[in-house]
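**Q** Using our numbering, the first residue of the sequence shown is number 27, and each one after it goes up by one.
We put the CB at the ideal spot given by N, CA and C, even for glycine.
Quantities reported herein were computed from a predicted structural model and do not represent experimental measurements.
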Amino acid sequence: MPRQAAKVKSRKNPSKFTKTIRNHGKDALNSLLRMARTPLSSTMTIVVIAAALLLPSLLFSLNANISQLLAQFQNNARVVLYLNESTTDSRGIEVSESLLTLSDIDSAAFISSNEALQDFSSAAGFTDIVAELDKNPLPSSIVITPNLNAMEGLDQLAETLQAIPEVDLVQVDSQWLRRLAAISDLIELVARILGLIVVLSLCFIVGNTVRLHIENRRDEIRIIKLVGGTHSYIARPFLYTGFFYGIIGGILAGLLQAAVFLAFSDSIATIARLYDSSFQLQLLTPVILISLALAGGLMGWIAAMIAAYRRIGAINP
Numbered sequence: 027m028p029r030q031a032a033k034v035k036s037r038k039n040p041s042k043f044t045k046t047i048r049n050h051g052k053d054a055l056n057s058l059l060r061m062a063r064t065p066l067s068s069t070m071t072i073v074v075i076a077a078a079l080l081l082p083s084l085l086f087s088l089n090a091n092i093s094q095l096l097a098q099f100q101n102n103a104r105v106v107l108y109l110n111e112s113t114t115d116s117r118g119i120e121v122s123e124s125l126l127t128l129s130d131i132d133s134a135a136f137i138s139s140n141e142a143l144q145d146f147s148s149a150a151g152f153t154d155i156v157a158e159l160d161k162n163p164l165p166s167s168i169v170i171t172p173n174l175n176a177m178e179g180l181d182q183l184a185e186t187l188q189a190i191p192e193v194d195l196v197q198v199d200s201q202w203l204r205r206l207a208a209i210s211d212l213i214e215l216v217a218r219i220l221g222l223i224v225v226l227s228l229c230f231i232v233g234n235t236v237r238l239h240i241e242n243r244r245d246e247i248r249i250i251k252l253v254g255g256t257h258s259y260i261a262r263p264f265l266y267t268g269f270f271y272g273i274i275g276g277i278l279a280g281l282l283q284a285a286v287f288l289a290f291s292d293s294i295a296t297i298a299r300l301y302d303s304s305f306q307l308q309l310l311t312p313v314i315l316i317s318l319a320l321a322g323g324l325m326g327w328i329a330a331m332i333a334a335y336r337r338i339g340a341i342n343p
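1. Could you tell me if residue 260 is buried or exposed, where buried requires 16 or more neighbouring beta carbons within 10 angstroms of its beta carbon?
2. Please look up how many angstroms separate the CB atoms of residue 109 and residue 193, rounded, as I've assumed it's under 8 Å.
3. Could you spell out where the alpha helix (DSSP H) holding residue 58 opens and where it closes?
4. Looking at the secondary structure, which residues open and close the beta strand (DSSP E) in which residue 136 lies?
5. Going by DSSP, what residues sit across from residue 108 in a beta bridge?
6. When we look at the beta-carbon of residue 172 and count the other beta-carbons within 10 Å, is it buried (16 or more) or exposed?
7. When we look at the beta-carbon of residue 267 and count the other beta-carbons within 10 Å, is it buried (16 or more) or exposed?
8. Could you check what DSSP says for residue 343 in three-state terms: helix, strand or coil?
9. Which parts of the stretch 181-265 are runs of the beta strand (DSSP E), unbroken and 3 residues or longer, counting only runs that do not cross its ends?
10. What are the boundary residues of the alpha helix (DSSP H) that includes residue 125?
11. For residue 172, which residues does DSSP report across the bridge?
12. Taking 6 Å as the limit between beta carbons, can you name the residues of its chain near residue 92, skipping five residues before and five after?
13. In whole angstroms, what separates the C-alpha of residue 140 from that of residue 163?
14. So is residue 82 buried or exposed if we call it buried at 16+ other beta carbons inside 10 Å?
15. Check whether the Cβ atoms of residue 228 and residue 331 sit closer than 9 Å, and answer yes or no.
16. Which whole-angstrom value is the C-beta distance of residue 9 and residue 89, which I expect to be below 8 Å?
17. Reducing DSSP to helix, strand and coil, say where residue 311 ends up.
18. Secondary structure at residue 86, three-state DSSP: helix, strand or coil?
19. Taking the alpha-carbon of residue 55 as reference, which of 195, 270, 84 has the nearest alpha-carbon?
20. With three or more C-beta pairs closer than 8 Å as the rule, is the stretch 275-293 touching the stretch 236-246?
21. Just verifying my parser: in three-state terms, what is the DSSP assignment at residue 140?
22. Select from 337, 297, 137, 185 the residue whose C-alpha is nearest the C-alpha of residue 198.
23. Grab me the residues of residue 77's own chain with a C-beta within less than 6 Å of its C-beta, minus the 5 sequence neighbours each way, in chain order.
24. Looking at C-alpha atoms only, which residue of 233, 285, 316 is the closest neighbour of residue 274?
25. Helix, strand or coil for residue 162 per DSSP?
26. Indicate whether residue 207 and residue 264 have their beta-carbon atoms separated by less than 9 Å.
27. So, helix, strand or coil for residue 287, using DSSP?
28. For a test of the three-state rule: what should DSSP assign to residue 94, helix, strand or coil?
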């Protein structure tokens, strides 16, 4: 009997932690219900938050796709050695085979001047014109595939290859990759600056919305203060309001970003095929979408906390 009485007593008197969880759940539900009672203003606030989050998230995703593209093309970087006219085909083959001993080179293919001229005439459609040439203007060459993890190592490799006596000119087709990498760095910098501006903007947007909610419940807040309600107790529903505004805005921003990427995915894939690439825009993964929503919720919570405590503290009972 005493044990049963103790169980009944524990059920009637839940722990402090259980009470806190229930109160938070009740406040969260009431915040959602109040947002639902003003659908127009709530929707406008959520759309503004989503639009603010959309641009930096688009830039970060674009930079991630550019980084993926850079990694793909870095593996296909080529170095072309143009040999001087006095180099015979047999000597060119010996040079190309000796280059394979270097650890920075994956492959080396010798192309004679005659093969280069034939490939050019076939690709350009100038077979008749090339046949009338008195002298082959194209030099022999060696096409090298470097084994490098970073673009910076290409410069040192090019200097090493330029020192070979038979080499007249070293051409590294990485300049456009360097430009693309510089653009990627610029996009990342712009995204970070915009991200900071967005954080400040969201603080103003959510803070102003929370202040309006507090003003609408000014009399209720005064009564709660008169009966001993603390600032944290009064502010709790408004914190959940800011949190829900931010998290729903973050989800909407992620969905809008996915829609933008889907709209451009076919065009990007067509351009990639023209460059013999299988690159495709990477859409948001569930993890990134959840992270974006939680980031919006966190910013909304912090902005609501700053605005709520300042405004509630200014209300006298």
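**A** With the structure as the only source:
1. Indexing the sequence shown from 1 puts residue 260 at position 234. Buried, since its Cβ has 16 or more Cβ neighbours within 10 Å.
2. Position 83 of the sequence shown holds residue 109. Position 167 of the sequence shown holds residue 193. Confirmed, about 6 Å.
3. For the purposes of this step, residue 58 is taken as the residue at position 32 of the sequence shown. Residue 58 -> alpha helix (DSSP H) spans 42-63.
4. Numbered from 1 along the sequence shown, position 110 holds the residue referred to as residue 136. 131-137 is the span of the beta strand (DSSP E), which, as asked, contains residue 136.
5. Taking the first residue of the sequence shown as position 1, residue 108 is located at position 82. Residue 108 pairs with 167, 195.
6. Within the sequence shown, the letter at position 146 stands for residue 172. Label assigned to residue 172: buried.
7. Start at 1 with the first residue of the sequence shown, and residue 267 comes out as number 241. Label assigned to residue 267: buried.
8. Along the sequence shown, one-based indexing puts residue 343 at 317. Looking at residue 343 - three-state DSSP - the assignment turns out to be coil, as it is neither helix nor strand.
9. 193-198
10. For the purposes of this step, residue 125 is identified with residue 99 of the sequence shown, where counting begins at 1. Start and end: 115-125.
11. Stepping through the sequence shown from its first residue, residue 172 is reached at position 146. DSSP, once it has assigned bridges, lists 131 as partnering residue 172.
12. Here residue 92 refers to the residue found at position 66 when the sequence shown is read from its first residue. Excluding residues within five positions, the ones whose Cβ falls inside 6 Å are 210.
13. Walking along the sequence shown from the start, residue 140 turns up at place 114. Walking along the sequence shown from the start, residue 163 turns up at place 137. So the two alpha carbons sit approximately 10 Å from each other.
14. The sequence position of residue 82 within the sequence shown is 56, counting from 1. Residue 82 is buried by the Cβ-count criterion.
15. Position 202 of the sequence shown, counting from 1, holds the residue named residue 228. Position 305 of the sequence shown, counting from 1, holds the residue named residue 331. Against a cut-off of 9 Å, the Cβ pair of residue 331 and residue 228 comes out as no contact.
16. In this structure the chain extends from 27 to 343, so residue 9 is not present and cannot be described.
17. The residue labelled residue 311 in the question sits at position 285 within the sequence shown. Here residue 311 sits in coil by DSSP.
18. Taking the first residue of the sequence shown as 1, we reach residue 86 at position 60. Of the three classes helix, strand and coil, the one that applies to residue 86 here is helix, per DSSP.
19. Taking the first residue of the sequence shown as 1, we reach residue 55 at position 29. The shortest C-alpha separation from residue 55 is found at 270.
20. no
21. For this step, residue 140 is matched to residue 114 along the sequence shown. Residue 140: helix per DSSP, three-state reduction.
22. Numbered from 1 along the sequence shown, position 172 holds the residue referred to as residue 198. Considering only alpha carbons, the answer is 185.
23. Sequence index remark: in the sequence shown, residue 77 carries index 51 (1-based). So no residue of the chain qualifies.
24. Taking the first residue of the sequence shown as 1, we reach residue 274 at position 248. Comparing Cα-Cα distances from residue 274 to each of 233, 285, 316, the minimum goes to 316.
25. Stepping through the sequence shown from its first residue, residue 162 is reached at position 136. Looking at residue 162 - three-state DSSP - the assignment turns out to be coil, as it is neither helix nor strand.
26. Looking up residue 207 in the sequence shown gives position 181. Looking up residue 264 in the sequence shown gives position 238. Going by C-beta atoms, residue 207 is not nearer than 9 Å to residue 264.
27. To locate residue 287, count along the sequence shown from 1; it is residue 261. Helix, per DSSP.
28. Residue 94 sits at position 68 when you count from the first residue of the sequence shown. Three-state result, residue 94: helix.
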